Amino acid sequence: MITLMVVAGIALLIAIGYLNHVAENGKLEKARTKVELSDRLRRCSEITEVFPGQLMSPALKLLLARLELNVVQRMLNMEKGNAQLKHRIGELEEQIAKGEGIEITNPVTPIQTEAKAKDVRFLLEALHGQVTRAAHDGFLQTSEAKHWIREIRTILVNLHIEFFNNLGQTALSQDQPGQARLAFERGVQYLRNQPDPVTYQQQLLAMEKQLARANSVVLTNTAPTEDDDNALTEGLKQDDTESEWKKKVIYD
């Protein structure tokens, strides 16, 4: 009898320990999920608010609203009494209901520096991560996720096109044709290295025209002027005179 009680006591302790372990794991998993969702919400909000207006489209704005709505709804399931989350859900549902008529309030932000281009590239990388994660969770269908990954690549190319164009045009306006030529050369090389250069054929032709223009200015600036020609002619005449004098001294 005593043996049975001891065994039962041990079994009870093991069961209690197991249940505590399961409960603790559940708390840890819930905390981890909450942190992950908070991070995803922060990233979605940042992309939505900071992304340059010239690169934002109604379709992209809708996608961002849908991604954020999915995250906020999951967070509300964990914090059912959170009034702020409920309010945000209402705002997002109202935006999504507008469809292609969704408002784009993002200001146009010219991409004129390496730092700005990198900032936008990081936003695109974050968006890529959000799309991939949403597909992994089953929120986005695989076909839709693949579509948006292609769109993100297109936006990335357009980002570089704008950057190299702005860099070159700024250099030309500051009378720095050499720097402009370098910027347009980088743009041409970037477009030629694309996996599907035919897609960007028009942009490549436009960039090549800008490169030719900058190169023409460089050549014009480095061409010898009339004064340079006169100075060169006088120098050659002087060299010829000195040579004749040296020959005369030697042979006399």
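Residue numbers -5 to 246, in our numbering, belong to the letters of the sequence shown in order.
Think of the CB as a built atom: it goes at the ideal place given N, C-alpha and C, for glycine as much as any other residue.
As the structure is a prediction and not an experimental result, all values here were calculated from the model.
(1) In chain order, what are the residue ranges of uninterrupted alpha helix (DSSP H) at least 4 long that sit wholly in the region 99 to 142?
(2) On the premise that glutamine 204 lies in contact with glycine 162, defined as a C-beta separation below 8 angstroms, what is that separation, rounded to the nearest angstrom?
(3) Considering only the beta carbon of each residue, do leucine 49 and isoleucine 146 sit closer than 8 angstroms?
(4) Count the other CB atoms, across all protein chains shown, that sit within 10 Å of the CB of methionine 72; report buried if there are 16 or more and exposed otherwise.
(5) Spatial neighbours of alanine 59 within its chain, please: CB distance less than 8 angstroms, with the 5 preceding and 5 following residues excluded, ordered by chain position.
(6) Got a sec? Which residues, its chain only, sit under 8 angstroms from arginine 127 by beta carbon, not counting five neighbours each side?
(7) Taking buried to mean at least 16 other C-beta atoms within 10 Å of its own C-beta, is alanine 177 buried or exposed?
(8) Could you give the distance in angstroms between the alpha-carbon of arginine 180 and the alpha-carbon of leucine 166?
(9) Please look up how many angstroms separate the CB atoms of leucine 265 and arginine 115, rounded, as I've assumed it's under 8 angstroms.
(10) Quick check on DSSP: helix, strand or coil for isoleucine 96?
(11) Would you kindly work out how many angstroms separate the C-alpha atoms of proline 52 and threonine 214, rounded to a whole number?
(12) Could you spell out the range, first to last residue, of the alpha helix (DSSP H) harbouring glutamine 196?
(13) Where tyrosine 245 and asparagine 209 are concerned, what is the direct C-alpha to C-alpha distance, given to the nearest angstrom?
(14) Please report the residue range of the alpha helix (DSSP H) in which glutamine 78 lies.
(15) Taking all protein chains shown into account, do 16 or more other C-beta atoms lie within 10 angstroms of the C-beta of lysine 80, making it buried, or fewer, making it exposed?
(16) Check whether the Cβ atoms of alanine 111 and phenylalanine 157 sit closer than 8 angstroms, and answer yes or no.
(17) Would a C-beta distance cut-off of 8 angstroms place proline 191 and leucine 198 closer than the cut-off?
(18) Leaving aside the five residues before and after arginine 82 along the sequence, list all residues of the same chain whose C-beta is less than 7 angstroms from its C-beta, in chain order.
(19) For asparagine 152, which of helix, strand or coil comes out of DSSP?
(20) Is it the case that the Cβ atoms of glutamine 170 and cysteine 38 are separated by a distance below 8 angstroms?
(21) Measure the C-alpha to C-alpha separation of alanine 225 and glutamine 196 and round it to an integer number of angstroms.
Taking the definition as stated:
(1) Given a length threshold of 4 residues, each whole run of the alpha helix (DSSP H) inside the region 99 to 142 is given here in chain order: 108 to 130.
(2) The residue you call residue 162 lines up with position 168 of the sequence shown. The residue you call residue 204 lines up with position 210 of the sequence shown. Between glutamine 204 and glycine 162 the Cβ distance is about 6 angstroms, and since that is below 8 angstroms, they are a contact.
(3) Taking the first residue of the sequence shown as position 1, residue 49 is located at position 55. Taking the first residue of the sequence shown as position 1, residue 146 is located at position 152. In this structure, the beta-carbon distance from leucine 49 to isoleucine 146 does not fall below 8 angstroms.
(4) Against the sequence shown, residue 72 aligns to sequence position 78. Here methionine 72 is exposed, its C-beta having fewer than 16 other C-beta atoms within 10 Å.
(5) As a working mapping, residue 59 is identified with position 65 in the sequence shown. Hits under 8 angstroms: Thr42, Leu86, Gln89, Ile90 and Ile96.
(6) Taking the first residue of the sequence shown as position 1, residue 127 is located at position 133. Cβ within range, chain order: Arg34.
(7) Residue numbering aside, residue 177 sits at position 183 when the sequence shown is read from its first letter. Buried: at least 16 other Cβ atoms inside 10 Å.
(8) Here residue 180 refers to the residue found at position 186 when the sequence shown is read from its first residue. Here residue 166 refers to the residue found at position 172 when the sequence shown is read from its first residue. Roughly 15 angstroms separates the two Cα atoms.
(9) The chain is shown from -5 up to 246; residue 265 falls before or after that span and cannot be answered.
(10) Locating residue 96 in the sequence shown gives position 102, counting from the first residue. If DSSP states are grouped into helix, strand and coil, isoleucine 96 belongs with coil.
(11) Position 58 of the sequence shown, counted from the first residue, corresponds to residue 52. Position 220 of the sequence shown, counted from the first residue, corresponds to residue 214. Between the alpha carbons of proline 52 and threonine 214 lies a distance of about 45 angstroms.
(12) Taking the sequence shown and counting its residues from 1, one reaches residue 196 at position 202. 195 to 216 is the span of the alpha helix (DSSP H), which, as asked, contains glutamine 196.
(13) By 1-based counting over the sequence shown, the position of residue 245 is 251. By 1-based counting over the sequence shown, the position of residue 209 is 215. Because tyrosine 245 sits at a pLDDT of 40, beneath the cut-off of 50, its placement in the model cannot be relied upon, and the following sentence gives the value as read from the coordinates. One C-alpha to the other measures close to 51 angstroms.
(14) As a working mapping, residue 78 is identified with position 84 in the sequence shown. Under the DSSP assignment, glutamine 78 falls in the alpha helix (DSSP H) whose first and last residues are 77 to 91.
(15) Position 86 of the sequence shown, counting from 1, holds the residue named residue 80. Answer is exposed; the Cβ neighbour count stays below 16.
(16) In the sequence shown, counting from the first residue as 1, residue 111 sits at position 117. In the sequence shown, counting from the first residue as 1, residue 157 sits at position 163. With respect to phenylalanine 157, alanine 111 sits close: the two C-beta atoms are nearer than 8 angstroms.
(17) As a position in the sequence shown, residue 191 is number 197, starting the count at 1. As a position in the sequence shown, residue 198 is number 204, starting the count at 1. In this structure, the beta-carbon distance from proline 191 to leucine 198 falls below 8 angstroms.
(18) Here residue 82 refers to the residue found at position 88 of the sequence shown. Its chain contains Val66 as the residues whose beta carbon lies nearer than 7 angstroms to that of arginine 82, once the 5 sequence neighbours on both sides are disregarded; these appear in chain order.
(19) Here residue 152 refers to the residue found at position 158 when the sequence shown is read from its first residue. In the three-state scheme derived from DSSP, where H, G and I count as helix and E and B as strand, asparagine 152 is classed as helix.
(20) As a working note, residue 170 is residue 176 in the sequence shown. As a working note, residue 38 is residue 44 in the sequence shown. Contact check for glutamine 170 against cysteine 38 fails: the beta carbons are separated by 8 angstroms or more.
(21) As a first step, residue 225 must be located in the sequence shown, where it is residue number 231. As a first step, residue 196 must be located in the sequence shown, where it is residue number 202. Residue confidence is low: alanine 225 scores 48 on pLDDT, short of 50, so the model does not pin down where it sits. No coordinate-derived value is stated.
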